[in-house]
Amino acid sequence: MAGEAFISGVGMSEVGVRLTRSPLGLTMDAIREAVADAGLTLAQIDGVSTYPGKMPSFLGFSPIGVDEVIEACGLKTRWHTGAAEATAQLGAIADAAAAVKAGLARHVICFRTVYEAAALARPEAFPPLERRRDVTGNSQWVSPFGAFSAACWTAQFATRHMKRYGMTREQLAQIALNDHRNAALNPRAIVKQPLSLDTYMAARMISTPFCLYDCDRFTDASTVVIVSAGEALDEVTSTPVRIAATAGSVERYSWDQAEWASAYPTGRDLWRNTDYTVDDVDLVQFYDGFAFQPITWLEGLGFCEVGEGHRFIEGGTRIALDGELPMNTGGGQLGWGRLHGFGFAYEAVIQLRGQGGARQVQGDPQVAVATSGGGPMAAALLLARD
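Each step along the sequence shown adds one to the number in UniProt numbering, with nothing skipped, and position 125 is 125.
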């Protein structure tokens with residue numbers, strides 16, 4: 001399969017809240033698991049990719065960079081990258097796919113390490129992000145209005161769906177209920193119990209219409225995906241999953257706010273890069289930092305018309321494990337933990353390999369979509385088990 005890119009290995013560290021293991025230690029745990037999963041050795045790795053790279057000003061958000069991984073693993077790399085100025089988290093995997101297709105590398109470690117919960121408990125070692133009076137960059141457009149948190153501006157898009165299209169909180173709740181129900185079947189997830197609609201409706205509000213259960217929580221973990229060139233699959237012992245298409249876009253919020261979140265143009269572009277269609281997809285792993293975001297991905301990717309996403313998920317049966325379009329089978333970020341996008345690629349691979357255990361989608365799924373972001377930036381992967 002020359003000229004193609006595959007996910008050959010996946011790995012994940014312990015997932016928890018306020019873990020004491022170092023972020024580099026968590027990253028190494030995930031790397032070791034992914035390399036073993038692929039049947040490779042560290043000596044065969046010649047590329048590294050991450051999002052957003054180490055951020056000294058916000059270490060809890062991104063404490064580990066490419067250089068540290070290369071040093072800790074003793075790698076001899078030919079290609080590596082790591083930056084926040086990208087098409088969202090899974091863009092790091094798309095970049096790796098492009099690199100192996102171009103012959104720049106054969107096996108690339110892609111990783112995302114988060115340490116936000118532990119950082120809150122240890123501010124002396126992981127100083128919180130400073131919110132100065134003279135804000136710059138993207139924050140200049142939101143911070144003066146008290147909207148520093150993404151919950152605030154994502155909630156505006158959700159409110160528009162309520163006002164324009166009639167979405168109700170009971171419909172929105174189905175994302176959190178589905179995530180919690182699936183997470184309870186996932187031994188690595190933070191959430192261990194399903195969520196009732198009554199408990200959801202009684203929860204305190206965060207930013208209307210989002211309540212506590214509509215927002216992911218800070219988590220400590222590392223997730224790794226290994227991308228391999230088709231020409232190098234003879235070195236792999238796992239079941240590879242082909243990266244059939246990628247897409248990404250950026251809809252920066254500035255003086256003129258974007259009318260539609262970037263999930264919409266990214267969704268349209270994904271199908272322009274493949275012969276697959278929405279009818280071929282067996283399951284989806286949609287970014288859900290906030291519960292409204294999977295609705296935008298449903299609409300943006302064309303699983304339903306714009307303004308119909310809340311009706312698609314009403315009652316939760318269509319997106320359940322045994323539904324017509326199983327969604328966030330591992331629990332998503334609302335149930336599994338805030339793995340910041342990479343958990344969706346990991347879970348898609350697990351499902352396509354048939355390794356989901358109690359949460360495995362039946363019927364031998366062959367095609368999946370995994371996404372990240374969807375607000376000011378977005379990235380999507382179409383994955384296929386050939």
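From the three backbone atoms N, C-alpha and C, an ideal C-beta is built for every residue, glycine too.
Cα-Cα separation, alanine 5 to lysine 192: Roughly 35 angstroms between the two C-alpha positions.
Assigned secondary structure, alanine 247 (DSSP; H/G/I helix, E/B strand, else coil): Three-state DSSP puts alanine 247 in a strand.
Cβ of leucine 383 within 7 angstroms of any chain C Cβ: Protein chain content of the structure displayed is limited to a single chain, and chain C is not contained in it.
Touching by the beta-carbon criterion (3+ pairs, under 8 angstroms), the stretch 207-217 and the stretch 228-238: Result no; under three Cβ-Cβ pairs closer than 8 angstroms.
Alpha-carbon spacing of asparagine 328 relative to glutamine 285, whole angstroms: Between asparagine 328 and glutamine 285, the C-alpha separation is close to 5 angstroms.
Simplified DSSP assignment, three categories, for residue 387: Residue 387 lies beyond the range of the chain shown here (1 to 386); nothing can be said about it.
For phenylalanine 292, the three-state DSSP class (helix, strand or coil): Here phenylalanine 292 sits in coil by DSSP.
Cutoff 6 angstroms; reference leucine 185; Cβ partners in own chain excluding five residues on either side: Hits under 6 angstroms: Ala358 and Arg359.
For glutamate 231 and lysine 101, the rounded distance between their alpha carbons: Rounded to the nearest angstrom, the two C-alpha atoms are 9 angstroms apart.
Supposed close pair valine 241, valine 349 - CB separation, criterion 8 angstroms: Going by Cβ atoms, the distance from valine 241 to valine 349 rounds to 5 angstroms, so yes, they are a contact pair.
Boundaries (first-last residue) of the alpha helix (DSSP H) holding threonine 27: Looking at the DSSP string, the run of the alpha helix (DSSP H) that includes threonine 27 is 23-38.
Closest by C-alpha distance to alanine 155, when choosing among Met205, Cys110, Leu195 and Ile109: When Met205, Cys110, Leu195 and Ile109 are compared, the shortest CA-CA separation from alanine 155 is found for Met205.
Neighbourhood of glycine 74 by C-beta distance below 7 angstroms, restricted to the same chain and skipping five residues each side: Closer than 7 angstroms at the Cβ level, and outside the excluded window around glycine 74, lie Leu42.
Neighbourhood of threonine 371 by C-beta, 6 angstroms cutoff - its chain only, sequence neighbours within 5 removed: So the list reads Phe286, Tyr287, Trp297 and Ala380, once near-sequence residues are dropped.
Residue from Pro123, Leu382 and Val224 whose Cα sits closest to the Cα of alanine 38: When each option's Cα is compared against that of alanine 38, the closest is Val224.
Segments of 4+ residues assigned as alpha helix (DSSP H) that fall wholly inside the stretch 43-112: Every alpha helix (DSSP H) stretch that sits fully inside the stretch 43-112 and reaches 4 residues is listed by chain position as 66-73 and 91-101.
Rounded Cβ spacing between arginine 252 and proline 376 (contact assumed at less than 8 angstroms): About 6 angstroms separates the CB atoms of arginine 252 and proline 376; that is less than 8 angstroms, so the two are in contact.
Reference threonine 274, options Leu301, Met12 and Gln257, closest by Cα: The shortest Cα separation from threonine 274 among Leu301, Met12 and Gln257 belongs to Leu301.
The beta strand (DSSP E) enclosing glycine 11, as first and last residue numbers: Run containing glycine 11: 5-12, per the beta strand (DSSP E) assignment.
Same chain, Cβ closer than 8 angstroms to isoleucine 70, neighbours up to 5 away in sequence not counted: So the qualifying residues of the chain are Val48, Thr77 and His80.
Alpha carbon of serine 143 to alpha carbon of aspartate 364, nearest angstrom: Going by the C-alpha atoms only, they are around 47 angstroms apart.
Assumed close pair glycine 60, phenylalanine 111 - CB separation to whole angstroms, cut-off 8 angstroms: In this structure, glycine 60 and phenylalanine 111 do not form a Cβ contact; the two beta carbons are roughly 16 angstroms apart against a cut-off of 8 angstroms.
Alpha-carbon spacing of alanine 183 relative to alanine 151, whole angstroms: Cα-Cα distance, rounded: 22 angstroms.
Glutamine 156 in three-state terms, based on DSSP: Helix at glutamine 156.
Spatial distance of serine 222 from arginine 32 (CA atoms): Separation of serine 222 and arginine 32 (C-alpha to C-alpha, rounded to the nearest whole angstrom) is 11 angstroms.
Per DSSP, cross-strand counterpart(s) of glutamine 285: Glutamine 285 pairs with Ala370.
Cβ neighbour criterion (16 or more within 10 Å) applied to methionine 1: Burial is judged here by how many other beta carbons sit within 10 angstroms of a residue's own beta carbon; methionine 1 has fewer than 16 and is exposed.
C-beta atoms of asparagine 138 and glycine 316 nearer than 7 angstroms: Taking the C-beta atoms as reference points, glycine 316 is found no nearer than 7 angstroms to asparagine 138.
Proximity winner among Gln171, Gln89 and Ile64, relative to methionine 201 (alpha-carbon distances): Minimum Cα distance to methionine 201 is reached at Gln171.
Per DSSP, cross-strand counterpart(s) of methionine 327: Val284, per the DSSP bridge assignment.
CB of leucine 19 within 7 angstroms of CB of alanine 121, strictly: When the beta-carbon positions are compared, leucine 19 and alanine 121 stay at least 7 angstroms from each other.
Glycine 289 versus Ile109, Val250 and Gly335, residue with shortest Cα-Cα distance: Comparing C-alpha distances from glycine 289 to each of Ile109, Val250 and Gly335 shows the shortest one belongs to Gly335.
Buried/exposed call for proline 123, threshold 16 Cβ in 10 Å: That one is exposed.
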